[in-house]
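Residue numbers (our numbering): 11 to 486.
By construction, the Cβ of each residue, glycine as well, lies at the ideal position given by its N, Cα and C atoms.
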């Protein structure tokens, strides 16, 4: 039985993360959220020129007092990621790439590790896979990667082969590989979107693969939201291969015609394809996309979109079929803002003063997708956060109905028509998005009866692999 529900607006009201006032510009924001814990960091461009850090203990509903956790002169490019009980933070200090870690949910941090000191270093980024951690940055002799096999306790550094002329790197992972993504030199009015990969962080491909092209008008300062990567890491999903790269490109080579493009690989980097994604229609400007894959394999895309003159908003769209189709867009930000069209800025001649760093970061777990961004709704840039339950997004966009084909409810259990033999994760959620059952099940190709022994009645979402169905009452 499929039940249609009336839902509230999926994204929570905007919450201001920083506690700065007046003309202090806050940008280059990063976010990590999981269960009840939220962590965020950003750079203060308003005179302090430092990175601030904040914690949330109620899943980003509220934020604490801003903390200067990294020391003086620690601008810019902070990135936070979590790996089990360990929190990793990397950032750019003028002339150095630095790292700290926490084993108590971000309350205290280890001594600072300096990966490289040079006037050439730029733009660090971090990814985790299993017990491995990888930090990438633009170094004095190419793209550099620091690798750890023990959750960041010890490190060794390698240079990516064939990247002497490359820059602006990011990094992420799927269940098998790390993927370093960066600009590459290309002919004409283009940068290349280049990828190097490795299964162990230390032994990278001999030369990067070009998976897309980007209009070079994205310069001079796109850090880093012109390219963001996210991989699907659920170890229980036998078919859960996928690495997605979102980037800005103008098909007409015009700064007034930005679009979101997506490069993807569904076979651990063996092959790639590229597509334009335009959930709001092909009639305006998309800016600074970021992409994140949740633990179910749903791909979430966040981006700024121009609604009219000096009127921008943050939007979300998602795909349940690995990027082939996309949901109707949902506005995330509570209000609109001028964005790069503030006083003194010209969208056709954007300089550093009008483009103060990466604006959006996103994170996802089993139940929610989180986003943090910077906008100038007050006349000055500040950082904000919001989140949505993934099941609410599925219901609000009608995406849940697209995937109901192989599950039916019968006699206190479910019948699942599996296309293959193997093992899958069975998950049961209440209507408010709380997971109440998760177990691995063995399946045979064809019809499988799976008994459910739940203690309560109500509305439930039953999920196996990419299939889901809502059932009403009497589930025991």
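Residues of its chain near residue i, where Cβ-Cβ distance is below 8 Å and the 5 sequence neighbours each way are ignored
i, result
"residue 339", "289, 290, 315, 325, 326 and 327"
"residue 16", "Low per-residue confidence applies at residue 16: pLDDT is 31, beneath 50, and the placement is therefore not dependable, though the value from the model is reported in the following sentence. Closer than 8 Å at Cβ, skipping near neighbours: no residue."
"residue 242", "184, 185, 250, 251, 252, 253, 303 and 307"
"residue 105", "127, 128, 129 and 131"
"residue 71", "22 and 25"
"residue 214", "155, 168, 170, 171, 190, 206, 207 and 208"
"residue 212", "157, 166 and 168"
CB-CB length for residue i against residue j, believed under 8 Å
i, j, result
"residue 50", "residue 64", "5 Å"
"residue 343", "residue 374", "Residue 343 to residue 374, Cβ: 18 Å. No contact."
"residue 37", "residue 382", "At roughly 11 Å, the Cβ-Cβ gap does not stay under 8 Å, so residue 37 and residue 382 are not in contact."
"residue 96", "residue 111", "6 Å"
"residue 43", "residue 380", "4 Å"
"residue 348", "residue 386", "6 Å"
Exposure of residue i, with buried meaning 16 or more beta-carbon neighbours within 10 Å
i, result
"residue 281", "exposed"
"residue 319", "exposed"
"residue 363", "Residue confidence is low: residue 363 scores 47 on pLDDT, short of 50, so the model does not pin down where it sits. Its coordinate-derived value is still stated next. Counting Cβ neighbours within 10 Å, residue 363 comes out exposed, since fewer than 16 surround it."
"residue 31", "exposed"
"residue 459", "exposed"
"residue 261", "exposed"
"residue 78", "exposed"
"residue 435", "buried"
"residue 402", "buried"
"residue 217", "exposed"
"residue 227", "buried"
"residue 20", "buried"
"residue 167", "exposed"
"residue 452", "exposed"
"residue 162", "buried"
"residue 311", "buried"
"residue 107", "buried"
"residue 475", "buried"
"residue 433", "exposed"
"residue 117", "exposed"
"residue 448", "exposed"
"residue 176", "buried"
"residue 124", "exposed"
"residue 454", "exposed"
"residue 266", "exposed"
"residue 187", "buried"
"residue 450", "exposed"
"residue 164", "exposed"
"residue 94", "exposed"
"residue 430", "exposed"
"residue 446", "exposed"
"residue 335", "exposed"
Residues of its chain near residue i, where Cβ-Cβ distance is below 7 Å and the 5 sequence neighbours each way are ignored
i, result
"residue 24", "343, 344, 394 and 396"
"residue 317", "323 and 346"
"residue 222", "203, 257, 271, 273 and 284"
"residue 408", "none"
"residue 225", "199, 200, 259, 260 and 263"
"residue 67", "46 and 47"
"residue 388", "none"
"residue 313", "270, 296, 297, 298, 299 and 325"
"residue 113", "95 and 96"
"residue 293", "none"
Beta-carbon contacts of residue i that lie in its chain and below 6 Å, excluding the five residues immediately before and after
i, result
"residue 27", "50, 64, 73, 393 and 395"
"residue 491", "What is shown of the chain runs 11 to 486, which leaves residue 491 out entirely."
"residue 100", "89, 109, 134, 136 and 145"
"residue 115", "47"
"residue 159", "142"
"residue 173", "152 and 153"
"residue 40", "51, 88, 89, 90 and 371"
"residue 219", "205"
"residue 150", "128 and 130"
"residue 321", "346"
"residue 286", "269 and 271"
Any non-hydrogen atom of the ligand COA within 7 Å of residue i CB
i, result
"residue 398", "What this structure holds is no ligand at all, so the ligand COA is not there to describe."
Short CB-CB distance (under 8 Å) between residue i and chain B
i, result
"residue 91", "Of the chains in the structure shown, none is chain B; there is only one protein chain."
>> Taking 8 Å as the cut-off, does the region 191-203 touch the region 298-318 (at least 3 CB pairs, one atom from each stretch)?
In response: no
> Does the pairing of the region 126-136 with the region 167-180 give three or more beta-carbon distances under 8 Å?
Replying inline: yes
>> Ignoring anything shorter than 3 residues, give me the beta strand (DSSP E) runs that lie fully in the region 264-292, in order along the chain.
In response: Runs of beta strand (DSSP E) with 3 or more residues, each lying fully within the region 264-292, are found at 269-275 and 283-287, listed in chain order.
>> Could you tell me which whole alpha helix (DSSP H) segments of length 4 or greater appear in the region 100-181?
In response: none
> Of all the beta strand (DSSP E) runs that stay within the bounds of the region 43-95, which reach a length of 3 or more residues?
Replying inline: Taking 3 residues as the minimum length, the beta strand (DSSP E) runs contained wholly in the region 43-95 are 47-54, 60-66 and 89-93, in order along the chain.
>> For a minimum of 3 consecutive residues, which ranges assigned as the beta strand (DSSP E) are wholly contained in the region 294-343?
In response: Correct list: 296-303, 309-318 and 321-329.
> Which ranges would you report for the beta strand (DSSP E) in the region 194-240 if only whole runs of at least 3 residues count?
Replying inline: 200-208 and 219-225
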